[in-house]
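2 protein chains.
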Amino acid sequence: MEARLVSRERVYLFDTTLRDGAQTQGVDFSVHDKTTMARALDALGIDYVEGGWPGANPTDSAFFAEAPRLERARLTAFGMTRRPGRSAENDPGLTAVLAAGTKAICLVGKTWDFHVATALGVSREENLDLIGSSLAAVVKRGAEALFDAEHFFDGYKADPGYALACLDAAVAGGARWVVLCDTNGGTLPEEVERIVGEAMRRVPAGRLAIHAHDDTGNAVANALAALRAGCRQIQGSLNGLGERCGNTNLVTVIPTLMLKAGYRDRYEIGVTPEALKGLTRASRLLDELLTRSPNRHAPYVGASAFAHKGGLHASAVAKDPTTYEHVPPESVGNVRQILVSDQAGRSNILAQLAGVGIDLAPDDARIGRLLSEVKEREFRGYTYDGADASFELLARRALGQVPEYFRVNSYRALVERRINAKGEEITLAEATVKVTVDGQLLMSVAEGNGPVSALDAALRKDLGKFSRFLEDLRLVDFRVRILNQGTGAVTRVMVESMDGRDRSWFTVGVSTNIVDASFQALYDAIVYKLYRDGAPAGEG
Amino acid sequence: MEARLVSRERVYLFDTTLRDGAQTQGVDFSVHDKTTMARALDALGIDYVEGGWPGANPTDSAFFAEAPRLERARLTAFGMTRRPGRSAENDPGLTAVLAAGTKAICLVGKTWDFHVATALGVSREENLDLIGSSLAAVVKRGAEALFDAEHFFDGYKADPGYALACLDAAVAGGARWVVLCDTNGGTLPEEVERIVGEAMRRVPAGRLAIHAHDDTGNAVANALAALRAGCRQIQGSLNGLGERCGNTNLVTVIPTLMLKAGYRDRYEIGVTPEALKGLTRASRLLDELLTRSPNRHAPYVGASAFAHKGGLHASAVAKDPTTYEHVPPESVGNVRQILVSDQAGRSNILAQLAGVGIDLAPDDARIGRLLSEVKEREFRGYTYDGADASFELLARRALGQVPEYFRVNSYRALVERRINAKGEEITLAEATVKVTVDGQLLMSVAEGNGPVSALDAALRKDLGKFSRFLEDLRLVDFRVRILNQGTGAVTRVMVESMDGRDRSWFTVGVSTNIVDASFQALYDAIVYKLYRDGAPAGEG
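This is the structure:
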């Protein structure tokens, strides 16, 4: 056992969600999104986090200017080898990349003779010099140098000698890593294995990396084939985000490397078994930032990945999960789902109740009623998957444990755009709320950036004796999803709140009216805070 | 050339969309859906169409009772080997399957000793007899017999001798095909290749099939590995539909087999190059039946599969598509897309302009200004990736081609929740809009489900001479994305509109105020419609 562990080879993970992933159709990261994801990737145990291309666009420049400090991952900047006719010191694009101050820099260059001639328009020899001198500039700056060998597999098929000479030039220039990139994504696993084997005969051991795309549905298989052939760094992205069909999905590769004997016994990566339990959460976080629905059928982390229908499968799984599960769902932070059967529904609810600290006997009659209410509300568009606080309130209300602290008699939110006295176009948002606290009518009015922030401010402005419990409450996130298309559209709003003790909780509201859905979620957020802090109900 | 074609080996495709795919969470085919899909699969050139499990549920029984006549595909019924203690003639389940009258029948049986003992509760020898006698009954009925070897790969790892003995029993019983099933989906490509190689030493050539699942993201790679090792039938489903993470995606496998030299030169399948051009349509048809959004990033057929966003890529593709495309999109009935984005360069903008019918010379000075404006607006949160109409308006406004049809002087949106006269809680949304058309002030007020639909109604209620152009305009989709967290949150709204000629277009709005962002998108939607339909600007 000991001997086996000692002999495992270290394999590095390089994430390009924020660079290659940012080129995905419909993906548009803000600086804040990028910072959030970089921290999550660092916490997961990724070795290299590629943050973008400094100088290529305002978002990437802003991100690197205020780059997050990462615990263990190396923040990496992406750029291009110097342009023909420029020295490395005299190329504005390369200079911006070198100036970003990251620990590692990955430069892409040509290795396919056809592209050298048509895209760059330089001689084969000059391209070798572009590669070597650019990487030398990275080394001179003191950063770890990676060479992204664009079109390597197509280049190798067209002219193996020249493609390999490009790798030589990168190594001679000081590249720590040579990244074999299947840029067009058309290379198949058996070709990857063979060509990586050829490259291994030229590049010193432990310095080859693989960057695969999913255009034939083989991105994961290509990464594994390259690993078996000698690559020691795998590039990819969360959820396979990336141009066209996407990159190698690291969310799929990581558990395979850690849980499958053939890989686990030979290779070691920077992700701990404990961090692996955060994999499902990391995958969903990215979808949340992009307001995408998570892929139910994603390997390992999809909501359906461990879903079993009733009957034979379900009862066999109940006896011994290994009968129909290839790995334990909890190892990646996922959960088993037994579908359809009412029995399963009850045990799901019981588990959810226990999760929020409510312990009921399995035969408690109230469980059935709560289950029907949850099902009915989920049918209308509510979800309690991500809204723990709303679920807890729903359950405790059903159990008669939550008092009506205050009553909202009415509210009104107004948005107006008009020309002001100076002739400028201005937009205003104002909200009025009437509440009753201990029999006393209280009216408040407030302004905000929009109708929701105005309502939030008005609702909390004066809640009588409860106001002191809400001083440290703040709205930290607000997400909107439209559940149906067209005229019958229903809007679901999810609100994240936080208090002075850094506790955060999620509440949900559903309505055809987006303002009303928001109001429901805001209301639940306040009631939850009052309940948890033991605010005194009733008059007094 | 001739010699090469003659020597190609025939590989058969078996589709299980209507059986294994029907077990997917959330999938519920009607009889009509099944018939539609069976015909589409037949037209595509699939060899075997598995229609379901006769007798297992009313839909499947009804489907087989009125089975569609297929041109060339063999309709296949699925069932289970006879139950212990029953003869093949005396088992109601098996009898229903035999009676369905299909040309082929596939029976599933156990090959993992552990399952034989725990799930069936019979001896290893008796299980062999269940397999052999059940397949013999299929042969006796005159149908082509397939044996689905459940858990074969796990069974082989546990006890290779017994797993192979089960295959022997099936062949002895008369099975034309022995299907190696990776039921739990956890087997990796290199294991599949090795274990299929072992099975090849026992089963006569040309009789092994592979049935893989995507639980490690390797379903396609596993099918290809099995093919290389000797399997001559590939089972899978359209779009990879299936339990948990799904089956091998035939939509991905088919073009790989037909367009990639390593496979095209060695194997022949029943799909013609002409039928291949219907692949994208077949894939989308299934999504339509299931009212699912097609996966934009699906290999070969996804809307993004040939989308180019990076500036460098786009300019190279314009010169020569093979630089960044591994196969021609039209070969599978798909199309190329050039996107505008934060990453965009001049050539992207030029291509996008050409796409909306604006032809400018590459050195036109206005391109640089437009590019900066697009980048600046994208930094503020706009996106033109998915908002073609807003992009076209932005460009045409920059070129001075869009008149100000009407001016919005002001608007107001009000949301109110209160108790009505009957004591019921009601929510109202009302909007007022003041516009100037040809120097005339027009005021309108309208109600809606929420503030956005109220504004939409009020804005279109009276636009004077333009109203007649907007009669067939309707809002079909509305999406909201919050771009930053907390108090500085910016909201982006994307609106899809459609008119009576079934043309649809997308517009975008960005603001800290969700109602204002929506208003911008609604305004663009109307202006776009007026511009495209040639509404008369100016007084008159």
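Each protein sequence line maps, in turn, to chains A and C.
Counting along the first sequence from 1, when you hit position 457 you're at 456 in numbering that gives the first Met the number 0, and nothing is skipped either side.
Counting along the second sequence from 1, when you hit position 373 you're at 372 in numbering that gives the first Met the number 0, and nothing is skipped either side.
Built from N, CA and C at the ideal position, the CB exists for glycine as well.
query                                                                                                                                                                               : result
How about ILE481 of chain A and ARG478 of chain C: are their beta carbons less than 7 angstroms apart?                                                                              : yes
Indicate whether the contact test is met: 3 or more Cβ pairs, each with one atom in the stretch 60-79 of chain C and one in the stretch 95-105 of chain C, closer than 8 angstroms. : yes
The ligand GTP and LEU134 of chain A: does the residue's C-beta get closer than 6 angstroms to at least one heavy atom of that ligand?                                              : Ligands are entirely absent from the displayed structure, and the ligand GTP is therefore not among its contents.
For GLY277 of chain A, name the three-state secondary structure that DSSP assigns.                                                                                                  : coil
Quick check on the burial criterion: 16 or more other C-beta atoms within 10 angstroms. Buried or exposed for ARG411 of chain C?                                                    : buried
Between the alpha carbons of GLY229 of chain C and GLU190 of chain A, how many angstroms are there, rounded?                                                                        : 18 angstroms
What in chain C is Cβ-close to PRO57 of chain A, meaning under 7 angstroms?                                                                                                         : LYS374 and PHE378
Counting along the chain, where does the beta strand (DSSP E) carrying CYS180 of chain C start and finish?                                                                          : 176-180
Closer than 8 angstroms by beta-carbon distance: list the chain C residues that pair up with LYS259 of chain A, in chain order.                                                     : GLY185, LEU187 and THR215
Using only the alpha-carbon positions, how far apart do ALA516 of chain A and ARG291 of chain A sit?                                                                                : 20 angstroms
Could you tell me whether any Cβ in chain C is nearer than 7 angstroms to the Cβ of PRO298 of chain A?                                                                              : yes
Is there at least one Cβ from chain A nearer than 7 angstroms to GLN24 of chain C's Cβ?                                                                                             : yes
If contact means a Cβ-Cβ distance below 8 angstroms, which residues of the stretch 432-462 of chain A contact chain C?                                                              : ASN448, GLY449, PRO450, VAL451 and SER452
Am I right that ALA220 of chain A and ALA220 of chain C are in contact with their C-beta atoms under 8 angstroms? What's the rounded C-beta distance?                               : 3 angstroms
Pairing CB atoms from the stretch 410-429 of chain C with CB atoms from the stretch 449-467 of chain C, are three or more of them under 8 angstroms?                                : yes
With 7 angstroms set as the bound, which would you pick, yes or no: does the beta-carbon of ASP384 of chain C sit closer than that to a beta-carbon of chain A?                     : yes
Going along chain C, which residues have a C-beta under 7 angstroms from GLY245 of chain A?                                                                                         : HIS296
Using beta carbons (cut-off 7 angstroms, strictly below), is PHE477 of chain A in contact with chain D?                                                                             : Included in the structure are the protein chains A and C, with no chain D among them.
So is ALA520 of chain A in contact with chain C if we call contact Cβ pairs under 7 angstroms?                                                                                      : no
Measuring only the C-alpha atoms, how far is ARG417 of chain A from ILE425 of chain A?                                                                                              : 6 angstroms
Excluding the 5 residues flanking PHE28 of chain A on each side, which residues of the same chain have their C-beta closer than 6 angstroms to its C-beta?                          : ALA21
At a CB distance below 9 angstroms, what residues from the stretch 113-125 of chain A approach chain C? Give them in sequence order.                                                : PHE113, HIS114, THR117 and ALA118
Per DSSP, which one or two residues make a beta bridge with GLN351 of chain A?                                                                                                      : For GLN351 of chain A, which the question treats as bridged, DSSP gives no partner whatsoever.
Looking only at DSSP bridge pairs, what is ILE233 of chain C linked to?                                                                                                             : C:LEU12 and C:ILE209
Should GLU192 of chain C go down as buried or exposed, given a rule of 16 or more other Cβ atoms within 10 Å for buried?                                                            : buried
For CYS244 of chain C and PRO298 of chain A, which I take to be in contact (beta-carbon distance under 8 angstroms), what is that distance rounded to the nearest angstrom?         : 5 angstroms
With ASN221 of chain C as the anchor, note down where its alpha helix (DSSP H) starts and where it stops.                                                                           : 218-228
Per DSSP, what are the beta-bridge partners of ILE337 of chain C in this structure?                                                                                                 : C:HIS307
Starting from ALA164 of chain C, trace the alpha helix (DSSP H) both ways and give me its first and last residue.                                                                   : 159-172
Would you report the Cα separation of ARG395 of chain A and GLY508 of chain A, rounded to the nearest angstrom?                                                                     : 17 angstroms
Where do the N-terminal and C-terminal ends of the beta strand (DSSP E) with VAL121 of chain A fall, by residue?                                                                    : Per DSSP, VAL121 of chain A belongs to no beta strand (DSSP E) and is neither H nor E.
So what does MET257 of chain C bridge to, in DSSP terms?                                                                                                                            : In DSSP, MET257 of chain C forms no bridge with anything.
In three-state terms, what does DSSP make of VAL492 of chain A?                                                                                                                     : strand
At a Cβ cut of 8 angstroms, what residues of the stretch 417-430 of chain A count as close to chain C, listed as they run along the chain?                                          : ARG417, ILE418, THR426 and ALA428
Interface residues of chain C around SER409 of chain A at Cβ under 8 angstroms?                                                                                                     : GLU415, ARG416, ARG417 and ILE418
Do HIS150 of chain A and THR186 of chain A come within 7 angstroms of each other at the CB atom, strictly closer than that value?                                                   : no
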